[in-house]
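Residue numbers (the working numbering): -14 to 81.
Here the structure comes first, spelled out in structure tokens, and everything after it is commentary.
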């Protein structure tokens, strides 16, 4: 049996924003020109990244500020590792 993880305050804000109906939905871009967001675009807004920085951006890894949003929300990669853990391991492999 796996241990159930509790959501952080920021994650709760993200879920609340997703459920609020304030954000029109889109895919393949954080924020479309008409103001629709994918779930990760909503995450970026919750983390305080301005809408202007998100329009037309197709991946959260496109800028340092967006990378910080992923880490702040404690998002995990496809193998289940926290993103900041992966970055530390990657840094250690390339700088030792």
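We put the beta carbon where it would ideally sit given N, CA and C, even for glycine.
Spatial neighbours of residue 9 in its chain, beta-carbon cut-off 6 Å, leaving aside the 5 residues before and after:
21
Helix, strand or coil for residue 10 per DSSP?
strand
Note down the Cα distance separating residue 14 from residue 53, rounded to an integer number of angstroms.
C-alpha separation (whole angstroms): 18 Å.
Buried/exposed call for residue 26, threshold 16 Cβ in 10 Å:
The residue is buried, with at least 16 neighbouring Cβ atoms inside 10 Å.
Could you check the C-alpha separation between residue 17 and residue 66 for me, to the nearest Å?
29 Å
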